[in-house]
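All remarks here apply to the structure that follows.
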Amino acid sequence: MDINSFFAHYKITENPFAAEEAGLDPVFDRLLGHSPMHPDFQKILGPLDKPSTSIVFGEKGSGKTAIRLQLEKHIERHNTEKPNERILTVTYDDLNPMLDNLMRSRKQNAKAVLEQFRLEDHQDSILSVAVTKLVSAILDQHGAKEADEPSEKQKNKRHLRKILSRQQRVDLAVLAALYDQPTTGSVTDRWERLSTMLRVRRFFPSQFYLVISALLLLTSGGFYAAERLMEEPAWWVLPATGFALAGALFLAGLVGWSYFARLRLSWRVRREMPAVTRTGAELRQILMQLKGGDMQRQPFPVPPKDEESPQDARYQLTRRFIGVLKQLDYAGMIVLLDRLDEPTLVSGDPSRMQAILRPMLDNKFLQQQGIGVKLLLPLELHYSIRRETPEFFQRARLDKQSMIDRLRWSGSTLYDLCNVRLRMCCENGESVSLKDLFTDDVTREGIIDGLEQMHQPRDAFKFLYDVIQEHCRQVSDEDQNYLIAKLTLDTVRRDHVQRMQDFSRGLGPG
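Once you know that position 264 of the sequence shown is 263 in numbering that gives the first Met the number 0, the rest is easy, because the numbers rise by one and skip nothing.
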């Protein structure tokens with residue numbers, strides 16, 4: 000029997016169980032916001048008015064990416080319902096660009112890069128995503144999601160300058176100078192648009208002082224020539240020549256000192272921030288447009304004087320960023336870390352995943368005011384973390400992080416999930432239950448028991464997909480037999496249980 004004939008009999012328009020990846024699942028896309036949640040979802044989400052941290056461990060296929068997408072949907076809905084208490088979502092699920100930057104900047108192999116991986120690299124990458132998203136919204140270069148757009152008062156340039164203090168405007172300009180990563184266009188052009196809107200640039204650019212210096216130099220030369228040509232020059236010509244020459248040298252020296260100071264600062268910042276794509280020339284060009292007094296009050300991330308020196312610059316920059324967000328009708332931001340096992344440099348290696356994750360498991364980082372960090376992690380890392388030292392657990396304080404040791408799905412929850420997917424694929428509001436696909440001797444409890452042995456959504460969908468395929472393989476279209484036999488269900492269940500056992504022993508692809 001053709002599988003399309005089987006589904007057509009029940010007025011089902013597409014296979015509800017064909018997709019294996021939440022991000023590429025059209026049925027899940029339509030169900031987003033309506034699909035049954037994992038029982039621990041509310042614990043993972045936490046209160047959105049006070050973003051909090053959660054750490055979740057789950058096997059491949061246990062629904063971590065689906066939970067991330069559901070978190071994004073809930074936050075989007077919250078932002079629509081409460082526009083004055085919005086949450087900035089920072090999706091941190093593609094680590095390839097950061098790891099590529101580290102390898103390119105440090106000119107080291109993968110092993111050396113992972114051994115030297117720092118919390119600061121995570122902080123820079125997260126701030127880069129967050130600042131870029133906020134600057135895009137302010138400049139009206141936002142994405143498709145309406146929840147990411149600024150409110151009308153934020154789009155108003157004059158009102159934006161009113162609601163942000165001068166210090167906050169400078170903070171935002173410095174954050175953009177360090178972390179803004181537009182996908183198209185020039186970094187400096189975008190920063191100039193933002194700084195013009197915020198009115199934080201120097202009133203006179205350095206070129207103005209160079210022009211004045213050149214004019215004074217020409218003036219001093221003219222006075223000197225006049226003094227030499229006159230038989231009896233006026234008494235003021237020689238002092239005027241000296242004053243003009245001194246002024247020219249002073250202004251040229253001031254511009255030169257400012258240039259080299261910013262050149263040195265941009266070089267030190269670039270060296271300290273290898274995870275962010277920013278050239279020293281871009282940074283120097285931007286810093287030249289900021290006032291010296293404004294720059295002195297900024298915690299620029301520069302290499303520490305020695306290994307004992309504290310590295311608090313990122314924490315200070317993050318606090319200033321949250322302060323700006325508060326003024327722009329945000330309650331805070333939530334960072335969603337997912338797909339840690341997928342970067343090319345990692346390729347599912349637990350030791351490499353642990354090298355990247357370990358610096359992030361720091362209570363000071365995870366419990367920052369106004370920031371919630373949601374870590375959706377492979378189960379292998381849970382086993383690795385359990386073998387850590389007492390000093391690590393004291394620093395991480397996992398007891399305070401709303402940790403879920405393992406995502407567990409009951410057979411009943413999976414049954415409800417599969418039923419919802421089945422009904423979503425029915426035409427004209429038809430209501431079909433999973434039980435309706437089987438013969439009378441297959442009970443609801445029997446189906447639930449089979450799903451219980453699958454443990455997680457991906458395996459449950461594979462199981463039902465293969466059950467339907469096996470039934471269609473065994474009967475012909477002429478038979479018009481559209482009810483799946485108990486023997487077929489039991490045979491496929493047995494095969495899938497064996498497949499999962501082989502996978503857990505490392506003997507199969509899963």
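No residue lacks a Cβ here, since even glycine has one placed at the ideal position from N, Cα and C.
Check, Outcome
"Opposing strand residues paired with Y329 [DSSP bridges]", "R85"
"Any 3 or more C-beta pairs closer than 8 angstroms across the segment 323-343 and the segment 78-95", "yes"
"For T218 and A260, the rounded distance between their alpha carbons", "29 angstroms"
"Cα-Cα separation, D24 to N3", "19 angstroms"
"Top-ranked residue by Cα proximity to D337, from G57, Q368, S212", "G57"
"Own chain residues within Cβ distance below 6 angstroms of L436, not counting five before or after", "I483"
"Sequence-distant residues of the same chain with beta carbon closer than 6 angstroms to S124, five excluded per side", "M97, A274"
"Nearest-angstrom Cβ-Cβ length linking D415 and P15, presumed shorter than 8 angstroms", "Actually they do not touch by this definition, with Cβ atoms about 13 angstroms apart."
"DSSP three-state assignment for R192, whether helix, strand or coil", "helix"
"Residues sharing a beta bridge with L335, DSSP", "T90, K373"
"Same chain only: Cβ atoms within 6 angstroms of Q497, ignoring 5 sequence neighbours per side", "none"
"Close-in-space but distant-in-sequence residues of the same chain around K72 (CB under 7 angstroms, 5 per side omitted)", "L31, G32"
"Inter-residue Cα distance where the pair is K81 and I74", "10 angstroms"
"Residues of its chain near P358, where Cβ-Cβ distance is below 7 angstroms and the 5 sequence neighbours each way are ignored", "F116, R117, L118, H121"
"Backbone secondary structure at C424 - three-state DSSP", "coil"
"Selected residue, minimal CA-CA separation from R67, among H77, V55, G449", "V55"
"Cα-Cα separation between E281 and I86, rounded to whole angstroms", "30 angstroms"
"As assigned by DSSP and simplified to three states, the class of M402", "strand"
"As assigned by DSSP and simplified to three states, the class of V134", "helix"
"Nearest-angstrom Cα separation, counted from W408 out to S61", "8 angstroms"
"Assigned secondary structure, F116 (DSSP; H/G/I helix, E/B strand, else coil)", "coil"
"Rounded straight-line distance, which links the Cα of Q166 to that of M287", "18 angstroms"
"Nearest-angstrom Cα separation, counted from Q69 out to L335", "11 angstroms"
"Distance CB(Y178)-CB(L248) smaller than 8 angstroms", "no"
"Chain-order list of residues whose beta-carbon lies under 8 angstroms from that of S51 (same chain, five-residue window excluded)", "G45, G371, S401"
"Candidates V112, T182, F27, K10: closest to T131 by CA position", "T182"
"K10 to G410 span [Cα, whole Å]", "26 angstroms"
"8 angstroms Cβ cutoff met for F27 and I467", "no"
"K373 burial status per 10 Å Cβ neighbour count (16 or more: buried)", "buried"
"Supposed contact pair D458 and V491 - C-beta distance, whole angstroms, cut 8 angstroms", "Not a contact, Cβ separation roughly 12 angstroms."
"Per DSSP, the bridge partner or partners of R200", "L289"
"Neighbourhood of I162 by C-beta, 6 angstroms cutoff - its chain only, sequence neighbours within 5 removed", "Q326"
"CB of V199 within 8 angstroms of CB of L289, strictly", "yes"
"Residue from I333, T438, R189 with nearest C-alpha to A136", "R189"
"Chain-order list of residues whose beta-carbon lies under 8 angstroms from that of D448 (same chain, five-residue window excluded)", "G410"
"Helix, strand or coil at V275 [DSSP, three-state]", "coil"
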